[in-house]
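Undergrad: So the sequence shown is numbered by my numbering: it starts at 728 and just counts up by one. Where a beta carbon is used, it is the ideal one built from N, C-alpha and C, also for glycine.
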Amino acid sequence: MTKITRFSSVLGLVLLLGACGDSGVQRSQLNLTQNGQKVRKINGLTQDGDKVILYDDGTWRFEDPSKNKPLDGSKPITKRGVAKQLVVRLVKKRYKGAFSGESMEDKLKRYHIFRFEIQNPTPYVITALKLEVDITDAFDEKYLSFDESLTTNIPAGGTYEFEKKVEVDPFSEKHKSLKDKNLKDIKAKVEIDRIKLGE
């Protein structure tokens with residue numbers, strides 16, 4: 728007698744949008760009953776087009792084994808996992824008043840200038856970053872916010888510095904009060920919104 732395996736009932740087909748690393752993931756979830764046992768398979772597709780396998784315990788892996796580059800030798804690392812290990816510090820802050828600068832237009836403007844250092848303790852090369860930065864006082868009261876996109880090459884274990892020039896809003900009391908603040912008076916709260924890794 729030929730043995731026949733039947734899938735007796737389709738319990739659900741759900742299309743979801745989730746998050747995997749820093750990319751959106753489209754997930755298709757299919758619950759079936761096979762020989763009385765529940766079978767669950769969840770596949771995902773990142774915005775970069777990478778296929779991933781999602782597990783019930785919350786872990787995941789790329790379908791392509793070559794993309795599963797572990798940091799600790801045991802489990803795959805996501806872009807978000809790399810981003811969480813980066814250290815971004817505000818190392819210098821200065822103020823540029825009017826009538827200084829190279830061009831006539833620049834001479835009429837005033838700027839807050841912030842210098843940041845990025846430390847990359849991971850074994851991955853960072854080729855691009857998008858940062859969201861809040862400059863606050865010691866009580867997390869916000870002075871100003873800005874985004875910064877960087878295309879660079881931060882080697883594994885290396886550091887990178889960059890400056891951000893933010894034009895002073897003459898009608899903002901917070902901008903005015905920030906003028907005379909130094910590093911011990913302020914904090915930089917940095918979120919890494921996007922990250923791109925080298926090959």
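Using beta-carbon positions only, say whether K819 and L877 come within less than 9 Å of one another.
TA: By one-based count along the sequence shown, residue 819 stands at place 92. By one-based count along the sequence shown, residue 877 stands at place 150. Against a cut-off of 9 Å, the Cβ pair of L877 and K819 comes out as no contact.
Undergrad: Rounded to whole angstroms, what's the CA-CA distance from D867 to E926? Just pull it up for me.
TA: To locate residue 867, count along the sequence shown from 1; it is residue 140. To locate residue 926, count along the sequence shown from 1; it is residue 199. Between the alpha carbons of D867 and E926 lies a distance of about 38 Å.
Undergrad: Report yes if the C-beta distance between F843 and L817 is below 9 Å; otherwise report no.
TA: To locate residue 843, count along the sequence shown from 1; it is residue 116. To locate residue 817, count along the sequence shown from 1; it is residue 90. For F843 and L817, yes; Cβs fall inside 9 Å.
Undergrad: Which ranges does the beta strand (DSSP E) cover as unbroken runs of at least 3 residues, wholly within the stretch 829 to 906, from first to last along the chain?
TA: 838 to 846, 853 to 864, 869 to 881, 886 to 894
Undergrad: What does the alpha-carbon distance come out to for the pair L742 and E918?
TA: On the sequence shown, position 15 is the one that residue 742 refers to. On the sequence shown, position 191 is the one that residue 918 refers to. Annotation note: pLDDT 32 at L742 (below 50); position unreliable, coordinate value reported separately. L742 and E918: Cα-Cα distance of roughly 29 Å.
Undergrad: What does the alpha-carbon distance come out to for the pair R821 and I840?
TA: Within the sequence shown, the letter at position 94 stands for residue 821. Within the sequence shown, the letter at position 113 stands for residue 840. Straight-line Cα distance between these residues: approximately 5 Å.
Undergrad: Taking the Cβ atom as the reference point for each residue, do I853 and L924 lie within a distance shorter than 9 Å?
TA: Along the sequence shown, read from residue 1 onward, the residue named residue 853 stands at position 126. Along the sequence shown, read from residue 1 onward, the residue named residue 924 stands at position 197. Cβ distance < 9 Å, so I853 and L924 count as in contact.
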